[in-house]
Structures are given as structure tokens and as C-alpha cells.
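Structure first, then comments.
2 protein chains.
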Amino acid sequence: MFEQLALIGCGLMGGSFALALRRAGLVKRIVGYSKSPSTTERARQLGVIDVEAPSALLAVSGADIVLLAVPVAATESTLKAIRHLVRRDMLVMDVGSTKRDVVEAARRALREHVGTFVPCHPITGKEKAGVEHADPDLYRDRQVIITPIERTLVSQLQRAEQVWAAVGSRVLKMSPDAHDAAYATVSHLPHVLAFAMMNSVLGQAQADQFLSLAGPGFRDFTRIAASDPAVWRDIVVANRSEVLNQSRQFREALARFEALIESADAPAVEALIRQASEARARWRMGNVQED
Amino acid sequence: MFEQLALIGCGLMGGSFALALRRAGLVKRIVGYSKSPSTTERARQLGVIDVEAPSALLAVSGADIVLLAVPVAATESTLKAIRHLVRRDMLVMDVGSTKRDVVEAARRALREHVGTFVPCHPITGKEKAGVEHADPDLYRDRQVIITPIERTLVSQLQRAEQVWAAVGSRVLKMSPDAHDAAYATVSHLPHVLAFAMMNSVLGQAQADQFLSLAGPGFRDFTRIAASDPAVWRDIVVANRSEVLNQSRQFREALARFEALIESADAPAVEALIRQASEARARWRMGNVQED
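Residue numbers (full-length UniProt numbering), protein chains in the order written: chain A, 1 to 291; chain B, 1 to 291.
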């Protein structure tokens, strides 16, 4: 049981964590801070937080658990803003979608206290940003990747695992490098492709007509294109070497496909589609039967 | 009210049409034919069709409405197989995702009877092929694009519109060329990108690990990659000039994105994402509020 959660960033991810932690009966008091005061106020009006703090530092005052839920490029400045109140027995976590840059930011900002910081990436989300879409079930039955470093305190790592389990998540541990390579492949690049798909359509004179004709395939394929611009700007820039590496491999796969289409080589086109189709039909999210 | 539906191709699309037409009380008898006798038998066992026909021609014998639900490249041979029984008062429709090639196939195969053929493309589907996934609601609240040619009989066009309305669809009419350009953009290319994304991941040594870590964004983005290989082989080959044109425009949009990521130009990256995100957040399928 925690006395006080300091929620830094009262958006979808942070707000959902606050609701889930409270529902699990794990926290007495939630003090929130967002860069925009109107966001913090809305979070309080919605009952997501109990108290609005005027700064990240004041949110952390009296807290024994801290969640950073800000765009990843804001990690370092946020940790620097709270470092004077970070104690060895305080659990500090983030929810950023990149981990190498977050870990480096934590090393620089927290120095001797870096061991209290547990880098986390919950594999969940919605394409509707904002605290008004916060959902206590957002983390339920989802994977959370934890990427400890050699200096991470075992005691804090264990507490982090317990907290995520309490909100219904399954914890996996891996290195920051392995994390960033994997998520460039299965998350960051797909987002870039969905953004580029929308940009490509929007750049055409008949964009409005084309979009009015699109159906359920387009709806699902482009759902992630509606993601939060500030969040995804930081992710693709922070993880750019892996994202560009994956984009190069994707372009090679696309070029092979195009060449076969151009030569109208139906059996070879079918073979490529069949490889993709059978693998996707077999795939289950988190190896769990769902869709 | 129709006496007999000849269903040629007893898969997901055809089976769903049969179920919907029967539920609407519009047909007395459904005779089905599929290239694979085991498919036709399963359709009868599931109650999707009443009678199994040993050939397309025999399915059409006694029919006053015919639905072709076969991969688009099979359109011409199928129409040739039934042409001796096609009459002026028989409504013949297809459900193919390309229309220019289908219309040309119909001209060649049906000649003087081409006016009885109404080319249709329902904007619906599932990524689970086969008659066992047939669903009488598949066409409900979906758009159906009809692409008549100058020789299409007005009487047949009107009957086709009535049939689609009776199963809950909204009909839109356009030219085959306009259709193929639009659907290359919002359907065929997204499928190719989703296939290529899967191919790209599968070509990497860590494919299994990466796929086990993928979350809901990947799930939605790649859902269409599980589509039927024979159906999609025909679509991308039939519409290859438009698909390749759209792929080129997409690659240009992706290259612009990559260049900004590479230079870590965060504001410009955010601007591109924001354009995509705002457009996608505003978009509603068929201009109807849904997701």
C-alpha cells in the first residue's frame, strides 16, 4: 500500500494508471501535475487525481511512488525537476515507449539515485489521447516491459513488478537495447507507416473522395495514425537508428513485392501474401488467444 | 422476391450474401457451386445453400439471380461457363474488389448479354476466409460501390440497388476507373503494405521474439495481412498500375518522413504526424460515426 502517488503527466497513460492503482486499493492519495494546468484541473474534476500540484517537485513531496507519463524527450528535465526529493525508498517508474534514451536520461538526472528508477513500457494505449479517455482497464491483460540496468535496486524492481501485477499486467524483463530493437519493428515503424499512408493520401487532389470511400480494412490499418503527435515525435526521434533500420528492411520487402506485381507474376505474389497471411493468422497478441 | 439464387463461390462473401438475402425474405431457393466440392458441401451442411450444384452452369439453371463471389481473375472463365443460360431478365452481380478488369471480362464473356451484369464491390470483409465465417450482417451498414457501364440495363441496375438496400447496404455509383483509383489508395495499397510489413518481420532472425512482444497497435495495423491469398493475389495483379502508382506516392511520403527522422528534426516530424493524426481522428467510415 502506498501513501501517495505523484502522477507527472495526467494524460491517457498516467490517468489510467492512477485509476487502476486506486481501484486495486494500493494508494491513499494521488497528487497530479501536468505541464498544462487545465489538464491537471480536468484530471481532478474527473476524480483521476485528488490534488493538483503546481509543479512536478511539489507533486513528489510526500510521495512514495512516482509515475512519469510524459513524452519521452521530457524525461530528463522532469527527473531533474524532482531529483531533490527522490529518495532511495521511493519507487519511480515511467511508461515511455523507448527505453535506451530514457535510461540514459535517468542516469544523467538522478545520478546516485538512479537505482530507485525502474524503466517500464506498458504495451497498451488508445488512439484517443487525454485524461477524459483514462480507463482503469487499460493495463489489464497487457504486457509491461521492464528494462532494468545493473544499478537498478532489486527491491524497487520487485515492487514495480508487484504494482504492475496488481493492475492486471504481465511483466517481462529485457535490456533497453533489446526493447528498442523489438519495438522499432512491431510498433514504431508501423506507426510511421500509418502516418506516411495518411500523408500520402492527403497529398492527393482526390483525398476527400478517397477517404469517404474507405472501409473497415483502412479503419484498422490507420487506427494508430491518430496517435498523439508529441508522444510519437519523441519516440521516433529517440529511437531513430532502429526505426530507420527497420524502415530500410521494410522498403526492401515492399520493393520485392512491387517487382512481382509489376511483372504480374501471380504465383509469386500469392506466395508472398501467403507467407504474410499464414503468419498473421497464427499470431496471437502476447501469445494469448484474443482476436 | 427471387425464385433461385445461383451462388458461384461459397466463401465468406458469397455465403454471407446468401444468408443475408434469405433473412431478408428475398429468395426461395439457393443453389451453390464452388470450385472445391468440399466447400460446396460445407455450405450446404451449414445451411448457407439449399442445393449443391456440380458446375456453375447447373447452379444457374433455373436461377433469376446470380452472384459471382470468386477471385477476380476467375470472373471471365466463370461467366463463360454460365453464358449459355444467362438471360436478359436474369440479374448477374459480382463482389470483386477491382472493377475495370471485371467489366472487361464481362464484356468479353457475355457479349450481347453484358447489360444484365451489374458490377458490384461491397466495402466489407473479414480476415477469416471461408463459409464457416459467413455472417448475414456482413453487408449491413456498409457501402456497396456499383460501377455500371453504358450498356448496363437500367432495369437490372435498379434491381441490384434494391437487393443491396434489402441486405442493409448503402449504394454508391461510380465509373470502374474512378473505383479502381480510389480503392488502390484506401484498400489495395494498405493490404500490400501490411503484407510487406509481415514479410519484413518474418525475414529477420528475431522474428518470433519480435512478434511475441507486439501489442494492440500491431494487431490492428496487420489485421488485413491475414486476408485470403488467392483473392488478394488477383486484386493487386488486376489493379497493378494503380497500386504501383499509389505505392510510389506512399514511398515518397515515407522518404520525406525518414529524412526528417534522420536529421532528428522534431518539430518537422511532429508536423507530419499532426497532419496524419488530425485527419485520421476526423475520419469516419462512410462518413458515419462509428469508432
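Glycine residues also receive a C-beta, built at the ideal position from the N, C-alpha and C atoms. Bear in mind that the values here come from a model prediction, so they are computed numbers and not experimental data.
Closer than 8 Å at the beta carbon, the chain B residues around residue i
{"i": "residue 100 of chain A", "result": "Result: empty, since nearest Cβ-Cβ is about 15 Å, beyond 8 Å."}
{"i": "residue 144 of chain A", "result": "Residues of chain B passing the Cβ test: none, with the nearest at roughly 11 Å."}
{"i": "residue 193 of chain A", "result": "193, 197, 221 and 254"}
Contact list for residue i against chain B, beta-carbon separation under 9 Å
{"i": "residue 147 of chain A", "result": "Chain B residues near residue 147 of chain A: none, gap ~12 Å exceeds 9 Å."}
Any chain A beta carbon closer than 9 Å to residue i
{"i": "residue 273 of chain B", "result": "yes"}
{"i": "residue 187 of chain B", "result": "yes"}
{"i": "residue 57 of chain B", "result": "no"}
{"i": "residue 104 of chain B", "result": "no"}
{"i": "residue 95 of chain B", "result": "no"}
{"i": "residue 119 of chain B", "result": "no"}
{"i": "residue 20 of chain B", "result": "no"}
{"i": "residue 32 of chain B", "result": "no"}
Selected residue, minimal CA-CA separation from residue i, among the options
{"i": "residue 285 of chain A", "options": "B/258, B/211 and B/231", "result": "B/211"}
{"i": "residue 4 of chain B", "options": "B/28, B/203 and B/260", "result": "B/28"}
{"i": "residue 33 of chain A", "options": "A/60, A/169, A/157 and A/177", "result": "A/60"}
{"i": "residue 166 of chain A", "options": "A/37, A/235, A/141 and A/31", "result": "A/141"}
{"i": "residue 47 of chain A", "options": "A/57, A/30, A/90 and A/259", "result": "A/30"}
{"i": "residue 95 of chain A", "options": "A/10, A/233 and A/68", "result": "A/68"}
{"i": "residue 81 of chain A", "options": "A/106, A/64 and A/88", "result": "A/106"}
{"i": "residue 1 of chain A", "options": "A/10, A/26, A/254 and A/74", "result": "A/26"}
{"i": "residue 298 of chain A", "options": "A/137, A/131 and A/271", "result": "No answer is possible for residue 298 of chain A: the residues shown for chain A start at 1 and end at 291."}
{"i": "residue 16 of chain A", "options": "A/124, A/143, A/98 and A/92", "result": "A/124"}
{"i": "residue 71 of chain B", "options": "B/91, B/98 and B/173", "result": "B/98"}
{"i": "residue 45 of chain A", "options": "A/10, A/20, A/21 and A/56", "result": "A/10"}
{"i": "residue 213 of chain A", "options": "B/180, B/21, B/93 and B/118", "result": "B/180"}
{"i": "residue 178 of chain A", "options": "A/8, A/148 and A/156", "result": "A/148"}
{"i": "residue 12 of chain A", "options": "A/258, A/264 and A/129", "result": "A/129"}
{"i": "residue 300 of chain B", "options": "B/24, B/23 and B/54", "result": "For residue 300 of chain B there is no data in the structure shown, the boundaries of chain B being 1 and 291."}
{"i": "residue 101 of chain B", "options": "B/201, B/58, B/185 and B/240", "result": "B/240"}
{"i": "residue 192 of chain A", "options": "B/254, B/14 and B/135", "result": "B/254"}
{"i": "residue 83 of chain A", "options": "A/115, A/73 and A/120", "result": "A/115"}
{"i": "residue 176 of chain A", "options": "A/86, A/52, A/79 and A/104", "result": "A/104"}
Interface residues of chain B facing residue i [CB-CB closer than 7 Å]
{"i": "residue 124 of chain A", "result": "215 and 216"}
{"i": "residue 2 of chain A", "result": "None at all; the shortest Cβ gap to chain B is about 27 Å."}
{"i": "residue 61 of chain A", "result": "None at all; the shortest Cβ gap to chain B is about 31 Å."}
{"i": "residue 226 of chain A", "result": "277, 280 and 281"}
Chain B within 9 Å of residue i, Cβ atoms only
{"i": "residue 212 of chain A", "result": "yes"}
{"i": "residue 70 of chain A", "result": "no"}
{"i": "residue 252 of chain A", "result": "yes"}
{"i": "residue 74 of chain A", "result": "no"}
{"i": "residue 78 of chain A", "result": "no"}
{"i": "residue 222 of chain A", "result": "yes"}
{"i": "residue 283 of chain A", "result": "yes"}
{"i": "residue 36 of chain A", "result": "no"}
{"i": "residue 29 of chain A", "result": "no"}
{"i": "residue 279 of chain A", "result": "yes"}
{"i": "residue 266 of chain A", "result": "yes"}
{"i": "residue 286 of chain A", "result": "yes"}
{"i": "residue 291 of chain A", "result": "No answer about residue 291 of chain A holds up, because its pLDDT of 42 lies below 50 and its placement is not dependable."}
Where residue i meets chain A, residues with beta-carbon distance less than 8 Å
{"i": "residue 84 of chain B", "result": "Ordered by position in chain A, no residue passes the 8 Å Cβ test against residue 84 of chain B, which lies about 28 Å from the chain."}
Chain A residues whose Cβ lies nearer than 7 Å to that of residue i
{"i": "residue 270 of chain B", "result": "229, 230 and 233"}
{"i": "residue 45 of chain B", "result": "Result: empty, since nearest Cβ-Cβ is about 23 Å, beyond 7 Å."}
{"i": "residue 258 of chain B", "result": "244 and 247"}
Where residue i meets chain A, residues with beta-carbon distance less than 9 Å
{"i": "residue 261 of chain B", "result": "192, 236, 237, 240, 243, 244 and 247"}
The ligand GDP heavy atom lying under 8 Å from the CB of residue i
{"i": "residue 102 of chain B", "result": "Ligands displayed in this structure: none; no statement on the ligand GDP is therefore possible."}
Curious, which full-length alpha helix (DSSP H) runs of at least 4 residues does the stretch 146 to 229 of chain A contain?
154 to 166, 176 to 183, 189 to 202, 207 to 213 and 216 to 221
Residues from the stretch 195 to 206 of chain A in contact with chain B, defined by Cβ distance under 8 Å
Of all residues in the stretch 195 to 206 of chain A, 195, 196, 197, 198, 199, 200, 201, 202, 203, 204 and 206 have a Cβ within less than 8 Å of some Cβ in chain B.
Short-range partners of chain B found in the stretch 4 to 16 of chain A, where Cβ spacing is below 8 Å
none
Can you list, in chain order, the residues of the stretch 128 to 140 of chain A whose Cβ is nearer than 7 Å to any Cβ on chain B?
none
What runs of the beta strand (DSSP E), each 3 residues or longer, lie entirely inside the stretch 4 to 39 of chain A?
27 to 33
Taking a Cβ distance cut-off of 7 Å, strictly less, list which residues of the stretch 154 to 182 of chain A are near chain B, in chain order.
Correct list: 182.
Minimum length 4: unbroken alpha helix (DSSP H) runs contained in the stretch 68 to 95 of chain B:
75 to 82
Using a Cβ-Cβ cut-off of less than 7 Å, give me the residues of the stretch 235 to 250 of chain B that come near chain A, in sequence order.
Across the stretch 235 to 250 of chain B, CB contacts with chain A closer than 7 Å involve 236, 237, 240, 243, 244, 247, 249 and 250, in sequence order along the chain.
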